[in-house]
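In the working numbering, the protein residues as written are 189 to 511.
Idealized CB from N, CA, C, for every residue including glycine.
These figures come from a predicted structure and were not determined experimentally.
Here the structure is laid out as structure tokens; the discussion comes afterwards.
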């Protein structure tokens with residue numbers, strides 16, 4: 189995992205915000221510079237969010253999201269948009285094929301994300317600068333940079349605690365922070381949004397758009413799964429031991445779905461071993477201490493939704509960006 193410190197994340201974010209604020213000012217025009225009548229718009233987006241990483245997830249696990257944004261027109265095709273978004277991603281191995289290793293692994297997570305992004309959008313249709321002359325239909329592409337606060341959680345099998353959900357980064361399910369293991373992963377992460385959308389002019393000041401984008405990340409721990417199974421004797425709490433290896437739990441923790449442990453033992457075989465703390469544990473073969481708990485690939489998530497945008501008549505002048 190690429191380790192990104194909070195100071196670095198906030199430095200990048202402040203730089204982006206500074207650049208965005210400059211675009212809102214009126215610049216003197218010198219020889220060789222054109223000008224466009226820029227305008228501001230504000231909007232709200234209702235999203236569906238999906239995850240792709242180590243823990244099993246499909247479209248049935250889609251979760252809601254909400255986003256607000258401010259956008260500035262910089263040229264006939266170019267806009268800058270800053271957005272604040274909230275949403276959840278979710279995955280659960282219990283929904284995988286019952287013969288798959290993910291089903292046997294039996295992990296799950298949810299992650300309530302808070303993100304701040306700055307993206308540039310490029311219209312594939314040329315549009316006049318004045319807002320009331322804009323095109324009636326505009327396809328566009330987008331790319332940008334942002335930061336996301338993430339904190340994966342899992343549920344105990346018996347749902348003990350506040351609604352049963354436990355913060356996983358704090359307990360180190362893969363031994364993070366212990367001697368011989370990785371350092372804890374950062375809850376603040378850099379993201380790279382890439383996507384496209386379709387925008388319609390509803391009225392003189394209102395637009396409607398449908399948009400889908402992927403958030404590329406530099407972490408493998410949106411689902412708290414990325415390394416190897418730790419020796420339970422090295423883990424600092426009973427809770428960490430319980431949530432680290434769940435392959436022999438009788439039920440799926442989220443919805444209580446029963447699991448056929450006899451069939452799993454027959455399929456994989458099992459082994460008893462003595463951990464570092466002197467306690468004897470049972471593992472399914474191939475899912476025990478030292479085996480891969482997840483892959484080393486980076487996690488990503490998708491944001492798809494529709495948004496309504498209201499245009500302000502600012503009449504600001506800024507340098508024309510020509511393409």
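Residue 237 versus 403, 395, 327 and 256, residue with shortest Cα-Cα distance: Taking the first residue of the chain shown as 1, we reach residue 237 at position 49. Minimum Cα distance to residue 237 is reached at 403.
Spatial distance of residue 192 from residue 380 (CA atoms): By 1-based counting over the chain shown, the position of residue 192 is 4. By 1-based counting over the chain shown, the position of residue 380 is 192. Confidence is the limiting factor: at residue 192 the pLDDT is only 42, short of 50, which leaves the residue's position unreliable, though a coordinate-based value still follows. In a straight line, the C-alpha of residue 192 is about 14 Å away from that of residue 380.
CB-CB length for residue 477 against residue 295, believed under 8 Å: Here residue 477 is taken as the residue at index 289 of the chain shown, counted from 1. Here residue 295 is taken as the residue at index 107 of the chain shown, counted from 1. Not quite, the Cβ-Cβ distance comes to about 16 Å (not below 8 Å), so this is no contact.
Residue 422 CB to nearest heavy atom of the ligand NAP below 7 Å: What this structure holds is no ligand at all, so the ligand NAP is not there to describe.
Environment of residue 368 [buried if 16+ CB atoms lie within 10 Å]: Within the chain shown, the letter at position 180 stands for residue 368. Classification for residue 368: exposed.
Limits of the unbroken alpha helix (DSSP H) element including residue 295: On the chain shown, position 107 is the one that residue 295 refers to. Unbroken run through residue 295: none, as it is neither H nor E.
Residue nearest to residue 479 in terms of C-alpha spacing, selected from 392, 471 and 328: Translated into the one-based positions of the chain shown, residue 479 becomes position 291. The residue with the shortest Cα to Cα distance from residue 479 is 471.
Residue 394 versus residue 499: straight-line alpha-carbon distance, rounded: Along the chain shown, read from residue 1 onward, the residue named residue 394 stands at position 206. Along the chain shown, read from residue 1 onward, the residue named residue 499 stands at position 311. Rounded to whole angstroms, residue 394 to residue 499 spans 6 Å at the Cα level.
Secondary structure of residue 437, DSSP reduced to three states: By 1-based counting over the chain shown, the position of residue 437 is 249. In this structure, residue 437 counts as coil in the three-state DSSP scheme.
Unbroken beta strand (DSSP E) run spanning residue 260, endpoints: In the chain shown, residue 260 corresponds to position 72, counting from 1. For residue 260, the enclosing beta strand (DSSP E) starts and ends at 251-261.
Closest Cα partner of residue 352 within the set 433, 418 and 297: For this step, residue 352 is matched to residue 164 along the chain shown. Nearest of 433, 418 and 297 to residue 352, Cα basis: 297.
Secondary structure of residue 459, DSSP reduced to three states: By 1-based counting over the chain shown, the position of residue 459 is 271. Reduced to three states, the DSSP call for residue 459 is strand.
Contained beta strand (DSSP E) runs [length at least 3] in the segment 302-356, N- to C-terminal order: 325-337, 340-343 and 353-355
For residue 319 and residue 227, believed in contact at Cβ under 8 Å, the rounded distance: Taking the chain shown and counting its residues from 1, the one referred to as residue 227 is at position 39. Taking the chain shown and counting its residues from 1, the one referred to as residue 319 is at position 131. Sure, about 5 Å apart at Cβ, within 8 Å.
Residue 430, DSSP secondary structure in three states: Indexing the chain shown from 1 puts residue 430 at position 242. Looking at residue 430 - three-state DSSP - the assignment turns out to be helix.
Per-residue burial, residue 424 [other beta carbons within 10 Å of its own, 16 or more giving buried]: Here residue 424 refers to the residue found at position 236 when the chain shown is read from its first residue. With fewer than 16 neighbouring CB atoms inside 10 Å of its own CB, residue 424 falls in the exposed class.
Complete runs of the alpha helix (DSSP H) confined to the segment 374-422 [at least 4 residues]: none
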